Structure formats: structure tokens, C-alpha cells
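Undergrad: Handing you this structure, nothing more for now.
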Amino acid sequence: MFKQSFLPFGNHRGSSGSAFFTSHLILSSAGQQDYDLLVIGGGSGGLACAKEAAQLGRKVAVVDYVEPSPQGTKWGLGGTCVNVGCIPKKLMHQAALLGGMIQDAHHYGWEVAQPIRHDWKMAEAVQNHVKSLNWGHRVQLQDRKVKYFNIKASFINEHTVCGIAKSGKETLLSADHIVIATGGRPRYPTHIEGALEYGITSDDIFWLKESPGKTLVLTDVALECAGFLTGIGLDTTVMMRSIPLRGFDQQMSSLVMEHMESHGTQFLKGCIPTCIKRLPDGQLQVTWEDRTSGKKDTGIFDTVLWAIGRIPETRNLNLKEVGVNINPENQKIIVDAQDVTSVPHIYAIGDVAEGRPELTPTAIMAGKLLAQRLFGQSSDLMDYNNVPTTVFTPLEYGCVGLSEEEAVARHGQEHIEVGHSWVPPLAWLPLRYSVFQMVCLKEPPQLVLGLHFLGPNAGEVTQGFALGIKCGASYAQVMRTVGIHPTCSEEVVKLRISKRSG
């Protein structure tokens, strides 16, 4: 059996490589492999796949390495969700919601000293929680006898990767099956002067030691960071090139933006940044252009946060050399319904795979199902239809199924019906409301194509409806469902007014 090999740094450099290295390539290709499964990437999807394969009795290894952000931020095992995504974001969001509740408390008889102030020291508690999760993932791998390597890996042939540790030591690992689950990293607009030098991304915001202060968030796709920054009392401006929350239902997205505006977040719409400069006092001067008028303007901020999308971590994997095809436009790996790449025993799951939603739960399920197909005699495929999700903006937005725009594009305007229900706020709680939107086929029994909810605990509300839609619920069945009173979610059974009715 060909064992994992350790090489001094640099031994396999050069166009042809050393004889020692070449002999190991031959053994890796033709001989027995080190592992049944090698997972490249220690995020949610990769870890789920590795642990499931180990549960099925296979010999498994995980390699993971975090390249520090341009600002030097780095973190541990667990991927984007655990370290710089879902988990710290939800905790920050909760901090902002608590601030709003404290402000509302006097309506319920509580005497609260004013003004209330937030202390950024909560970030340290968030970071400590994240570190505990990093450790938990290490323990779980150890308990399942999954070998973990903190190395930066790239392919050297179809069955073998070479990993480089921080010390420079190289490790050769081979496997019968290799899963790529490297995820993605935030995109920087490198064509804009000062963007890389002075801007930060979601890779950095949760690990700042000091409050970001007055912040400019540049985004069309993410409003969550701007929401919680405003919620904890920071002066926050969002600069948008085009529409809010691209890919989501635009009527609901506009309501989210309007709610944020009414609660203090400022918006610069239809603007694009052109330059960022650091002033002598350390603040950042941002110049932008209004795309409609062509006029230029400037503003002074403490922090500039880029949230303009993500790029897959594929560039350093040496995929071309082993024949793994990628989409040249976005660098994502092309896979089939079984997560197989153009090389039969190499797979890709999660954010790095072409056409997959960039959501943690889908990556986890896809990883588990892949391991079961490989080692558990299963044929079950991941179903990417009707996947629920929630945007944790101040007015939370949960949805499952098609947006109105998607339904019109797929079925035609004349074949769909869209119902709305608006829950008015309680008299003593201004600017608090919930909205339901249901997208259905017009013909009986009016199959529900999509459900959208704005309001508190949107994720909790949407999760239950997701099951119904997954099971093929119709509008008639929803109308015959008894609501729970008094709740926001009961409004879904009152969706009797359609857009078509006017």
C-alpha cells in the first residue's frame, strides 16, 4: 500500500520533476491508495461528507487551509458558515434585535435608562464562540477517526494531491475518491483604486478588535451586515449599483430596503465607487459616481465593507492538469446531478460547484448523500428544488420556492396568481409589521410555487411551510389549514386578496 509521503519543500518543482517525485506519481496512480475518500475543504459540506463516509466504515482524510484575507484575518476549521458567515452574522443580528427590543421595552411597562449604547466588546464573545465550534469540529473528526491535515492542497494527478503546510513541509495524499468542497471567498473590485488596500469584507468584519464606526457597505446582494451595524447604533450607508437582494423576489426585497431606510440605514442608489483614499487621520475618503446623472461625490468613512459577491476557491487546485472542467466565466466546477466532475472519481459539492445554491444546509445534505452513494449503496440525489432560506435583515425575509419574477418567466403571467397579506402593526409598536406573499399556479388546485414572508423569526416560520411546499401543497389546502392565534404566521391562511384583483 502506498503510504502518505513527506517531501522537503521544493522537491517537486520544475517542469519535469525529480525522479523521486515521478516514482511517487506512478505509485499513486497505479497502486493502492492511502484513503477511500479524501475531502479537500473543511467547511460544512466537506465535513458532512467526510463524517458520513467514516460512519460507513471508510478510511477518510480531510485537508483544509485558510489563506488569510488581504487584511490578514484568518480562522480555524469549519468553513465560511462557522467562522465568517451564518454563525457570527446571526449572533450580530441578534444583538441588533435586542437593541430594538430594549427601545420598545417602555411600551410594555419596563423602565430602561436612555440612551442605550452598544459595546463592540460583544465581538470577542462571538469570536470565542466560533473558536469553540472550531474545536468541536476537530473533536468530531477525531472521534470518527477521520485524519485531518492543515495543509494547502493541489492536484498532482487524478488520485493524488500535494499539500503544503505553513512550515513548508509537503505531504502527498492519495485516494480512490476525491471530493472538492473548498467553497468561496469574497470578491474584491481590484479595478477600483484603494479597494484592496483599504476595504474589508465579511472575512474581516466579525473579527475586528475595534468597532468599525461609520461604515460604507457596497453591495447589491447583501444587506444583512448593514442591517446589524445600523441596529447596534453605527452610522451606516449602503451604496447600491442596481437592485437590492438580487435573485430574490423584488417586491419583498424593496420592502426590506424601505424598512431599513425607515430605521436609519442610508442608501446611495444607482451609484458606483471610483476611488478610496486614506486620509492623514486614518479615515477613508470614498469617491463615487451617480450612474444616472454622471455627477461625482465624496464621503468620509471609518470602514469600507465590500459585499459584491463571492468567487470559488478553485484557482490553486491545479484542476486543469487533471482534466477537471470549470466554467471559465465564474471558475466554478462543472458537475452532473450526482456531483461528479469531468473526472469520474473526482466530485464537487457546495459553493464551489456550478449551479448549486450557496447555502450551508444544501452543502451539508449534498455531502451526506454523496457519501451514501459512494459507500452506502444509496442512489438518492440531492433535490435543489424548493430549498428554503432566510435573509437576516432587520425585517427578516424567509422564502421557499419561486419568486414572482421566476414564476412569470417559467409559467407566464397569465398562468400565475399572487396573493398578499399585510399584518398591520400594533398601535404602540410603529414600523413593526409582517407581510406574506404566495405565488401559485392559476389553474385549480392552484399548486403553491413559492412562499415569501417578511417579519420576525422568518426562518422559523418558513421552515414549516417548506415541508408543505415540498409535498406539493395547493392554495386550497393552505386555505383549509387552521392558523395559530395570535401569530404572524396565521396570516398565511388569510391570503384571499390577489394582485390580479387590484
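Residue 71 in the UniProt record's numbering sits at position 71 of the sequence shown; the count goes up by one each step and never skips.
Cβ coordinates follow ideal geometry from the N, Cα and C atoms, glycine included.
Since the structure is predicted, the reported quantities are computational estimates derived from the model, not experimental observations.
At the level of alpha carbons, what is the spacing between GLU405 and MET257?
TA: Those two C-alpha atoms are separated by around 18 Å.
Undergrad: Buried or exposed: which applies to LEU431, given that a residue is buried once 16 or more other Cβ atoms fall within 10 Å of its Cβ?
TA: Residue confidence for LEU431 is low, a pLDDT of 48 falling below 50, so the modelled location carries little weight; the figure read from the coordinates is stated next. Result: exposed.
Undergrad: In whole angstroms, what separates the C-alpha of VAL423 from that of GLU490?
TA: Straight-line Cα distance between these residues: approximately 10 Å.
Undergrad: Assign THR22 to buried or exposed, taking buried as 16 or more other Cβ atoms, counted over all protein chains shown, within 10 Å of its Cβ.
TA: Annotation note: pLDDT 40 at THR22 (below 50); position unreliable, coordinate value reported separately. Its Cβ having fewer than 16 others within 10 Å, THR22 is exposed.
Undergrad: Specify the secondary structure class of THR160 as computed by DSSP and reduced to three states.
TA: Strand.
Undergrad: Please determine, among ILE178, GLU329 and LYS51, the residue with the shortest C-alpha to C-alpha distance to ASP143.
TA: It is LYS51 whose Cα lies nearest to the Cα of ASP143.
Undergrad: Can you name, in chain order, every residue of its own chain whose Cβ lies under 7 Å from the Cβ of ASP64, other than the five neighbours on each side?
TA: Closer than 7 Å at Cβ, skipping near neighbours: GLY41, GLY42, LEU77 and ASN150.
Undergrad: Could you check which residue in GLN285, GLY57, GLN140 and ALA48 has the C-alpha nearest to that of LYS214?
TA: For the residues GLN285, GLY57, GLN140 and ALA48, the minimum Cα distance to LYS214 belongs to GLN285.
Undergrad: Would you identify the three-state DSSP class for GLY76, choosing helix, strand or coil?
TA: Three-state DSSP puts GLY76 in coil, outside helix and strand.
Undergrad: Start and end of the alpha helix (DSSP H) containing ASP230?
TA: A quick correction: the sequence has Thr, not Asp, at residue 230. Here the alpha helix (DSSP H) through THR230 covers 224-231.
Undergrad: May I ask which residues mark the beginning and end of the alpha helix (DSSP H) holding PHE465?
TA: From DSSP, the alpha helix (DSSP H) with PHE465 extends over 458-470.
Undergrad: CB THR341 to CB VAL324, shorter than 7 Å?
TA: A contact, by the Cβ cut-off of 7 Å.
Undergrad: Give the straight-line distance between the Cα atoms of LYS368 and ILE156, rounded to the nearest whole angstrom.
TA: C-alpha separation (whole angstroms): 27 Å.
Undergrad: Taking the alpha-carbon of LEU47 as reference, which of PRO328, ALA181, ARG246 and LYS499 has the nearest alpha-carbon?
TA: The residue with the shortest Cα to Cα distance from LEU47 is ALA181.
Undergrad: Please report how far the alpha carbon of LEU223 lies from the alpha carbon of LEU234, in whole angstroms.
TA: Between LEU223 and LEU234, the C-alpha separation is close to 15 Å.
Undergrad: List the residues that DSSP assigns as beta-bridge partners of GLU417.
TA: According to DSSP, GLU417 bridges with CYS440.
Undergrad: Under the rule that 16 or more other beta-carbon atoms within 10 Å means buried, what is GLU210, buried or exposed?
TA: So GLU210 counts as exposed.
Undergrad: Hey, ALA363 and GLY45 are a contact pair by Cβ (cut 8 Å); roughly how many whole angstroms apart?
TA: Yes, ALA363 and GLY45 are in contact; Cβ-Cβ is about 3 Å, under 8 Å.
Undergrad: Residue range of the alpha helix (DSSP H) that PRO361 falls in?
TA: Looking at the DSSP string, the run of the alpha helix (DSSP H) that includes PRO361 is 360-375.
Undergrad: To the nearest angstrom, report how far apart TYR433 and PRO189 are at their CA atoms.
TA: Looking at the two C-alpha atoms, the distance is approximately 37 Å.
Undergrad: Among the residues of its own chain, which have a CB less than 7 Å from the CB of LYS89, if the five just before and after it don't count?
TA: Excluding residues within five positions, the ones whose Cβ falls inside 7 Å are GLU224 and PHE392.
Undergrad: Figure out for me which residue from TYR148, GLN94 and PRO68 has the closest Cα to the Cα of TRP135.
TA: Nearest of TYR148, GLN94 and PRO68 to TRP135, Cα basis: TYR148.
Undergrad: Inspect the CB distances between the segment 240-255 and the segment 168-181 and report whether three or more fall short of 8 Å.
TA: Contact between the segment 240-255 and the segment 168-181 is absent, because fewer than three Cβ pairs lie under 8 Å.
Undergrad: With respect to the beta strand (DSSP E) encompassing LYS59, which residues constitute its N-terminal and C-terminal limits?
TA: Here LYS59 belongs to no beta strand (DSSP E), and DSSP marks it neither H nor E.
Undergrad: Residues in its own chain within less than 7 Å of THR292 by CB, not counting five upstream and five downstream?
TA: Contacts found: GLY270.
Undergrad: With distances taken from CA atoms, which of GLN94, SER501 and ARG496 is nearest PHE228?
TA: Checked all of GLN94, SER501 and ARG496; the closest Cα to PHE228 is GLN94.
Undergrad: Assuming VAL39 and VAL179 are in contact, meaning their beta carbons sit under 8 Å apart, how far apart are those beta carbons, in whole angstroms?
TA: That pair is a contact at about 5 Å.
Undergrad: Taking 8 Å as the threshold, find out whether the segment 465-484 comes into contact with the segment 378-398 through three or more Cβ pairs.
TA: They touch, by the three-pair rule.
Undergrad: Quick one: what's PRO394 bridged to in DSSP?
TA: In the DSSP output, where bridge partners are listed per residue, PRO394 has none listed.
Undergrad: By the three-class DSSP mapping on this structure, what secondary structure does ARG185 have?
TA: ARG185: strand per DSSP, three-state reduction.
Undergrad: For the beta strand (DSSP E) containing CYS488, name the first residue and the last one.
TA: Careful: CYS488 lies outside any beta strand (DSSP E) and carries neither H nor E.
Undergrad: Out of GLU67, LYS131 and ASP176, point me to the one whose CA is closest to ILE346's CA.
TA: Closest option to ILE346, Cα to Cα, is ASP176.
Undergrad: Short check: CB of THR236 to CB of THR201, under 7 Å?
TA: Result no, Cβ atoms of THR236 and THR201 do not sit closer than 7 Å.
Undergrad: Measuring only the C-alpha atoms, how far is SER132 from CYS86?
TA: Each residue's Cα considered, the two are about 15 Å apart.
Undergrad: Which same chain residues end up closer than 8 Å to ILE484 when comparing Cβ atoms and leaving out the 5 residues on each side of it in sequence?
TA: Result list for ILE484: GLU490, in chain order.
Undergrad: Using the Cβ count rule (16 or more neighbours within 10 Å means buried), how would you classify PRO486?
TA: Burial call: exposed.
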